[in-house]
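Below: the structure, in structure tokens.
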Amino acid sequence: MNIMQDIQNNLKEEIKQAVIKADLATAEQLPDIILEKPKDSAHGDYATNIAMQLARIAKKAPRQIAEEIVAAFDQTSASVTKVEIAGPGFINFFMDNNYLADLIPVILKEGEKYGRSTFGQGHKMQVEFVSANPTGDLHLGHARGASVGDSLCNILDAAGYDVEREYYINDAGNQINNLAISIQARYMQALGKDWPMPEDSYRGKDIIAIGEDLVNSYKDEWANKPEAEQLAFFREYGLKYELKKLAADLEAFRVSFDHWFSETSLYDEGKIKPTLALLKEKGHTYEEDGATWFRTTDFGDDKDRVLIKNDGSYTYLTPDIAYHKNKLDRGFETLINIWGADHHGYIPRMRAAIQALGYQADTLEVEIIQMVNLFENGEKVKMSKRTGKAVTLRELMEEVGIDAVRYFFVMRSSDSHLDFDMDLARSESNDNPVYYVQYAHARICTMLSQAEEKGFATDGDFDGSLLVAEKEEDLLKRLGEFPKVIADAAENRTPHRMTQYIFDLASTLHSFYNAEKVLDADHPERTKARLALMKAVRVTIANGLNLIGVSAPEKM
RNA sequence: GGCUCCAUAGCUCAGGGGAUAGAGCAUUGGUUUCCUAAACCAUGUGUCGCAGGUUCGAAUCCUGCUGGGGCCA
Numbered sequence: 001m002n003i004m005q006d007i008q009n010n011l012k013e014e015i016k017q018a019v020i021k022a023d024l025a026t027a028e029q030l031p032d033i034i035l036e037k038p039k040d041s042a043h044g045d046y047a048t049n050i051a052m053q054l055a056r057i058a059k060k061a062p063r064q065i066a067e068e069i070v071a072a073f074d075q076t077s078a079s080v081t082k083v084e085i086a087g088p089g090f091i092n093f094f095m096d097n098n099y100l101a102d103l104i105p106v107i108l109k110e111g112e113k114y115g116r117s118t119f120g121q122g123h124k125m126q127v128e129f130v131s132a133n134p135t136g137d138l139h140l141g142h143a144r145g146a147s148v149g150d151s152l153c154n155i156l157d158a159a160g161y162d163v164e165r166e167y168y169i170n171d172a173g174n175q176i177n178n179l180a181i182s183i184q185a186r187y188m189q190a191l192g193k194d195w196p197m198p199e200d201s202y203r204g205k206d207i208i209a210i211g212e213d214l215v216n217s218y219k220d221e222w223a224n225k226p227e228a229e230q231l232a233f234f235r236e237y238g239l240k241y242e243l244k245k246l247a248a249d250l251e252a253f254r255v256s257f258d259h260w261f262s263e264t265s266l267y268d269e270g271k272i273k274p275t276l277a278l279l280k281e282k283g284h285t286y287e288e289d290g291a292t293w294f295r296t297t298d299f300g301d302d303k304d305r306v307l308i309k310n311d312g313s314y315t316y317l318t319p320d321i322a323y324h325k326n327k328l329d330r331g332f333e334t335l336i337n338i339w340g341a342d343h344h345g346y347i348p349r350m351r352a353a354i355q356a357l358g359y360q361a362d363t364l365e366v367e368i369i370q371m372v373n374l375f376e377n378g379e380k381v382k383m384s385k386r387t388g389k390a391v392t393l394r395e396l397m398e399e400v401g402i403d404a405v406r407y408f409f410v411m412r413s414s415d416s417h418l419d420f421d422m423d424l425a426r427s428e429s430n431d432n433p434v435y436y437v438q439y440a441h442a443r444i445c446t447m448l449s450q451a452e453e454k455g456f457a458t459d460g461d462f463d464g465s466l467l468v469a470e471k472e473e474d475l476l477k478r479l480g481e482f483p484k485v486i487a488d489a490a491e492n493r494t495p496h497r498m499t500q501y502i503f504d505l506a507s508t509l510h511s512f513y514n515a516e517k518v519l520d521a522d523h524p525e526r527t528k529a530r531l532a533l534m535k536a537v538r539v540t541i542a543n544g545l546n547l548i549g550v551s552a553p554e555k556m
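Going by full-length UniProt numbering, the first residue of the first sequence is number 1, and it counts up by one from there.
Structure below.
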């Protein structure tokens, strides 16, 4: 049930009828009625530009058309109290807002389900995100990807899509060999040996810890074994250790995956060769210079790509194609990959692969997450991956708290660079948007418990018609928008809109709080109605916070 | 050199064909015998990077240019 949607659909239908009745256009000619919410409330609750759009079809001036529509418009059945024509031909509608209070029982009944809809119609999608190599700690970029990906999944789910979250483990490539030699070096160093870090080694703190762990468990047992045996062991040990740590860090960050997919399994289960054979069979490959090429230029890539190098080994692309084929074979209708900006160049060839496999190009969507810069004391924090001096997700969580990190990373549009202000995220002040929103929630909780203490009735029927103050109407309107905000954020893959919404809702609540008194013994009935409204706001803020993985504290 | 993201208030950013372009912060002033002042109210702020084009209408769409980030060669 979605009251706001019903009201809007009804209004659109009445406008349509009026246009036809006024003989301005036939039902076939009529474009979709667009209702927008004017920024200025003096322009009504809704406005439509239909008169301007019809100017060409009806061959009349927009304002003239608007006059005729208004004359034919049935206000009563559209729940409209006033209609105005304004500007170049906008028709502004002022709604009879009595229905608004009806939202409250609906919200209270639906509780944590409020906001959910069937908008996505169970469309099967898979979101692959983070997918960091198991060779080190998660850093800032992964953290942003994790926040955005998880929030997006929550939002898609709430909007009625059927979503699966997947993490792709790059456990087959050369990076795992580098992990093994890095661990070997740290192990030897932990034994007190003079062993320099190899050229391509990983230098994160986690690898040092692994070296020390190994010495504690095995003393120098592995130092004298044959090289190949050593490296195989370090490889296996390191992979297990890193994966466990990745999962634990993500879990702490309130991100969990439905499926961890191993690259190695593609080899073990023989998925690579059939994929290559399929591409060849469909005529998308050719041999040149001893290598096998994929003709991605047929699908808009700027040059063809090698699949099998002349030494017989695969490029990175080959298992990735097999992986995406596997995803599609699993029946997902849409694949969303969330990648860091450094991978954007990879999109055309992946898209080409999807098409070569016989799917529409837009079956694969790639959301690019732009870079994060960390600021502390007004200065950019310098980072270097090579030397292991990157700030890790775990450090960030400990430093500023999970709620702030999650909120800050979804606060901005993904395609903007993000300046992460450590001092702001840490600050327990009104500058900090996380606290601002959480405080609104806590504030309501306090009111509700005070109400109990003071003996106000907090349950049962209430008279919604007593909610007539301007700030009450503002709150109700915002509450009603929630399901649509979720659906819009899902459809456009823009989780940052959720932070905007809950910030606005919190702001409206704070404003109401300062203007009106809720607990008022002189007006018991109004108090009852306001308490019901407060509960509805509390539910909605909590649901909104939950969608972005931020807690809704009862006390602050 | 190719590709890509970005350019909007002093700062950080929303807005992605519609009316007088918004928010937070910063500035200045005010609000508490009263439900949490982590709050509220008031206050000024703009060549929407530049130039063309499409449109009844462009910050928004298209092209080019400039500047910055990133990736690739």
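C-beta: ideal position from N, C-alpha, C; glycine also.
Leaving out five residues before and five after Q370 in sequence, what residues of the same chain have Cβ atoms less than 8 Å from its Cβ? A341, S414, D415, S416, H417, L418
When you compare each of A47, M411, E398, Y267 to K82 by their alpha carbons, which one comes out closest? A47
N-terminal and C-terminal residue of the alpha helix (DSSP H) that I548 is part of: That residue, I548, is in no alpha helix (DSSP H); it is neither H nor E in DSSP.
Closer than 8 Å is the cut-off here; do at least three beta carbon pairs connect the region 276-291 with the region 308-322? yes
Span of the alpha helix (DSSP H), counted from its first residue to its last, around S182: 174-190
List, from N- to C-terminal side, the alpha helix (DSSP H) runs of 4 residues or more that fit wholly inside the region 263-309. 263-268, 272-281
Can you tell me whether E473 sits near the ligand GTP, meaning its C-beta is under 7 Å from at least one heavy atom of the ligand? You won't find the ligand GTP in this model; it holds no ligand whatsoever.
With a threshold of 8 Å on Cβ separation, who are the neighbours of P88 within its own chain once the five nearest residues in sequence on each side are excluded? M52, P62, R63
With three or more beta-carbon pairs closer than 8 Å as the criterion, would you say the region 66-73 touches the region 17-30? yes
Would you mind sorting I183 into buried or exposed? The rule is 16 or more other CB atoms within 10 Å of its CB. buried
Taking only three categories from DSSP, how would you classify H139? strand
Quick test of your reading: G549 and R203, contact by CB under 8 Å. State the CB separation rounded to the nearest angstrom. Incorrect: roughly 31 Å between the Cβ atoms, too far for contact.
Cβ contact (3+ pairs, closer than 8 Å) linking the region 170-181 and the region 362-381: no
Among all the DSSP beta bridges, which residues are the ones paired with W222? For W222, which the question treats as bridged, DSSP gives no partner whatsoever.
Our contact map puts M556 next to Y439 with C-beta atoms below 8 Å; I'd like the distance itself, whole angstroms only. 6 Å
With distances taken from CA atoms, which of N10, R526, R56, K124 is nearest L35? N10
Hey, quick one: how far does the alpha helix (DSSP H) through T363 stretch, first residue to last? Here T363 belongs to no alpha helix (DSSP H), and DSSP marks it neither H nor E.
In whole angstroms, give me the CA-to-CA distance for D504 and F294. 50 Å
Are there 16 or more other CB atoms within 10 angstroms of the CB of R56, so buried, or fewer, so exposed? exposed
Tell me which same chain residues have a C-beta within less than 7 Å of the C-beta of T334, skipping the five on either side of it? H123, M125, T363, E365
For V130, tell me which candidate among L547, T318, Y167, I208 has the shortest Cα-Cα distance. Y167
CA-CA distance, D137 and V537? 39 Å
Range covered by the beta strand (DSSP E) that runs through A86: 80-86
Under DSSP, the alpha helix (DSSP H) around K325 begins and ends at which residues? 317-329
Apply the 10 Å Cβ neighbour rule to E128 and answer buried if 16 or more other Cβ atoms are within range, or exposed otherwise. buried
The beta strand (DSSP E) with A47 in it runs from where to where? 46-48
Give a yes or no on contact between the region 193-202 and the region 250-267, applying the rule of three or more CB pairs nearer than 8 Å. no
Nearest to A515 (by Cα), restricted to the options Y501, T285, E473: E473
Where does N337 sit, in a helix, a strand or coil, going by DSSP? strand
Option in Y187, E229, P226 with minimal Cα separation from D220: Y187
Which parts of the region 24-68 are runs of the alpha helix (DSSP H), unbroken and 4 residues or longer, counting only runs that do not cross its ends? 50-53, 55-58
Got a sec? Which residues, its chain only, sit under 6 Å from residue 567 by beta carbon, not counting five neighbours each side? The requested residue 567 does not occur in the structure, where the chain is confined to residues 1 to 556.
Using three-state DSSP, classify K380 as helix, strand or coil. strand
Under 8 Å by Cβ, that's how I've got L531 and A451 pegged, so tell me the actual separation to the nearest angstrom. 6 Å
Can you give the beta carbon distance from L466 to D249, rounded, assuming they're within the 8 Å contact cut? Between D249 and L466 the Cβ distance is about 50 Å, and since that is not below 8 Å, they are no contact.
Looking only at its own chain, which residues have a Cβ that is under 6 Å from the Cβ of C153, when we skip the five neighbours before and after it? V127, V163, R165
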